[in-house]
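Same order as they appear, the protein sequences are chains A and B. Numbering-wise (the numbering used here), the first sequence opens with residue 57 and increments by one. Numbering-wise (the numbering used here), the second sequence opens with residue 9 and increments by one. Here a beta-carbon is modelled for each residue, glycine too, at the ideal position from N, C-alpha and C. First up is the structure itself, then whatever we jot down about it.
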Amino acid sequence: METNFRGLIQTLGEASVEFIVVGGVAGTGHGSARLTKDLDVVYRRTPENIISLVNALDPLRPYLRGAPPGLPFIWSNETIRKGLNFTLVTSLGAIDLLGEITGGGRFEDLKPHSLTINLHGIDCLCLGLEWLIRVKRAAGRPKDFEAIAELEAILEEKAKLESQRAKPNSASQ
Amino acid sequence: MLVPVGQNQFIMRIMFETETELEPDPVIEAYKKDVDRTLIRENLKLTIDERLRNLEALQQFAQEFRAAVRRATESGN
Chain A
57 METNFRGLIQ
67 TLGEASVEFI
77 VVGGVAGTGH
87 GSARLTKDLD
97 VVYRRTPENI
107 ISLVNALDPL
117 RPYLRGAPPG
127 LPFIWSNETI
137 RKGLNFTLVT
147 SLGAIDLLGE
157 ITGGGRFEDL
167 KPHSLTINLH
177 GIDCLCLGLE
187 WLIRVKRAAG
197 RPKDFEAIAE
207 LEAILEEKAK
217 LESQRAKPNS
227 ASQ
Chain B
9 MLVPVGQNQF
19 IMRIMFETET
29 ELEPDPVIEA
39 YKKDVDRTLI
49 RENLKLTIDE
59 RLRNLEALQQ
69 FAQEFRAAVR
79 RATESGN
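So, in structure tokens, the structure goes:
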């Protein structure tokens, strides 16, 4: 099934869940042309936020992605508290809920390196490009090499654009 | 705290990676040669919302295309 990325982000945002978009969708936000299938978010692991997260996703019937049907998986505050990272499928598609990521840490560690984006009136945090590269590098997975190369190329292209924009100003000074 | 030299070097490496500018990685630099920058330049002209819409459309197309290939394979074409 396809993932409704904007629908999932909107669901979390409208419920005031504290989260940061990371992974492939964050890459898309920064300009990546690569296809990704799931939404990866780092969520804040405070008791209040876990309650908001569970309530927000409950109507979407979250279930363990790839697991056979009928497993005794209970979507609850306790389940989230006892675990850390969850790979889920919902009625809006695939979502990975990450309490912590390699090379980046937790929500509190990543927040200073994130930017606020607005999607249809909903503000949400997206991991900044440099930190997205750092965490993908830290993960050290060969499958990410092409993605990292593209993200670094985006960083270079953005720097070029900024440099071009700055030129008229410097010429007039 | 005193730690073995090897471990200390590892810790210094982590600090360097997270607190300073990204150092070029020769493996990534090799991959970078094959990146299609024309796609990146086009994407950078779009808003974030437009980029996400394109991703969803691409995902939908990929699924439809895969299904079409599967049907064709199964029918022996």
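Starting from residue i, trace the alpha helix (DSSP H) in both directions and tell me its first and last residue.
{"i": "A:THR102", "result": "Unbroken run through A:THR102: none, as it is neither H nor E."}
{"i": "B:PHE69", "result": "56-82"}
{"i": "A:ALA150", "result": "From DSSP, A:ALA150 is part of no alpha helix (DSSP H) but of the beta strand (DSSP E) over 149-154."}
{"i": "A:ILE189", "result": "185-195"}
{"i": "B:ILE36", "result": "34-40"}
{"i": "A:GLY92", "result": "The amino acid occupying residue 92 of chain A in the given sequence is Thr; Gly does not appear at that position. A:THR92 -> no alpha helix (DSSP H), and no H or E assigned at all."}
{"i": "A:ILE173", "result": "Element bounds for A:ILE173: not the alpha helix (DSSP H) but the beta strand (DSSP E), 170-175."}
{"i": "A:GLU70", "result": "61-70"}
{"i": "A:LEU166", "result": "163-166"}
Looking only at its own chain, which residues have a Cβ that is under 7 Å from the Cβ of residue i, when we skip the five neighbours before and after it?
{"i": "A:PHE61", "result": "VAL81, LEU95"}
{"i": "A:VAL110", "result": "TRP131, SER132, ASN133, ILE136"}
{"i": "B:ASN51", "result": "ARG59"}
{"i": "A:LEU140", "result": "GLY155, GLU156"}
{"i": "A:SER108", "result": "ALA71, SER72, VAL73"}
Residue i CB to nearest chain A CB: under 8 Å?
{"i": "B:GLN71", "result": "yes"}
{"i": "B:ARG59", "result": "yes"}
{"i": "B:ARG49", "result": "yes"}
{"i": "B:GLU64", "result": "yes"}
{"i": "B:VAL88", "result": "The structure shown does not extend to residue 88 of chain B, since chain B is modelled only from 9 to 85, so the question has no answer here."}
{"i": "B:ARG78", "result": "no"}
{"i": "B:ARG45", "result": "yes"}
What residue range does the beta strand (DSSP E) around residue i cover?
{"i": "A:ILE76", "result": "75-78"}
{"i": "B:THR46", "result": "Segment 45-52 is the alpha helix (DSSP H) holding B:THR46; no beta strand (DSSP E) there."}
{"i": "A:ASN133", "result": "From DSSP, A:ASN133 is part of no beta strand (DSSP E) but of the alpha helix (DSSP H) over 133-138."}
{"i": "B:GLN30", "result": "Gln is not the amino acid found at residue 30 of chain B; the sequence shown has Leu there. Segment: none, B:LEU30 is in no beta strand (DSSP E) and carries neither H nor E."}
{"i": "A:THR146", "result": "142-146"}
Counting only the same chain and skipping the five closest in sequence on each side, list residues whose C-beta sits under 8 Å from that of residue i.
{"i": "A:PHE129", "result": "TYR119, LEU120, ALA123, THR135"}
{"i": "A:GLU58", "result": "GLY149"}
{"i": "B:ALA65", "result": "none"}
{"i": "A:ALA307", "result": "Because chain A spans 57 through 229 in this model, residue 307 of chain A falls outside it and cannot be assessed."}
{"i": "A:LYS167", "result": "ILE76, LEU181"}
{"i": "A:LEU175", "result": "ARG62, ILE65, GLN66, GLY69"}
Would residue i count as contacting chain B if we go by Cβ distances under 8 Å?
{"i": "A:GLY87", "result": "yes"}
{"i": "A:LEU231", "result": "What is shown of chain A runs 57 to 229, which leaves residue 231 of chain A out entirely."}
{"i": "A:LEU166", "result": "no"}
{"i": "A:GLU236", "result": "This structure does not reach residue 236 of chain A, given that chain A is present from 57 up to 229, and the question cannot be answered."}
{"i": "A:ILE204", "result": "yes"}
{"i": "A:LYS214", "result": "yes"}
{"i": "A:LEU148", "result": "no"}
{"i": "A:GLU208", "result": "yes"}
{"i": "A:PHE129", "result": "no"}
{"i": "A:LYS223", "result": "no"}
{"i": "A:THR59", "result": "yes"}
{"i": "A:GLU186", "result": "yes"}
{"i": "A:THR143", "result": "no"}
{"i": "A:LYS199", "result": "no"}
Taking 6 Å as the limit between beta carbons, can you name the residues of its chain near residue i, skipping five residues before and five after?
{"i": "A:LEU211", "result": "LEU185"}
{"i": "A:GLN66", "result": "ILE178"}
{"i": "A:LEU64", "result": "LEU95, LEU148, ILE151"}
{"i": "A:ARG101", "result": "GLY155"}
{"i": "A:ALA209", "result": "none"}
{"i": "A:LYS223", "result": "none"}
Measure how close the beta-carbons of residue i and residue j come, nearest whole angstrom, since I'm counting them as under 8 Å.
{"i": "A:GLY87", "j": "A:LEU188", "result": "That belief does not hold up - the Cβ atoms of A:GLY87 and A:LEU188 are roughly 11 Å apart, past 8 Å."}
{"i": "A:LEU91", "j": "B:ALA70", "result": "6 Å"}
{"i": "B:LEU54", "j": "A:ALA89", "result": "Going by Cβ atoms, the distance from B:LEU54 to A:ALA89 rounds to 11 Å, so no, they are not a contact pair."}
{"i": "A:VAL98", "j": "A:PHE163", "result": "5 Å"}
{"i": "B:ARG45", "j": "A:GLU213", "result": "6 Å"}
{"i": "A:SER170", "j": "A:LEU183", "result": "5 Å"}
* Asked: Is the segment 112-124 of chain A close to the segment 135-148 of chain A, with three or more CB pairs under 8 Å?
  -> Verdict: yes, contact present.
Check your understanding: Three or more beta-carbon pairs under 8 Å between the segment 159-172 of chain A and the segment 192-205 of chain A, yes or no?
Key -> By the criterion of at least three beta-carbon pairs nearer than 8 Å, the segment 159-172 of chain A is in contact with the segment 192-205 of chain A.
Is there contact here, the segment 194-209 of chain A with the segment 36-49 of chain B, by at least three beta-carbon pairs under 8 Å? Yes, they touch.
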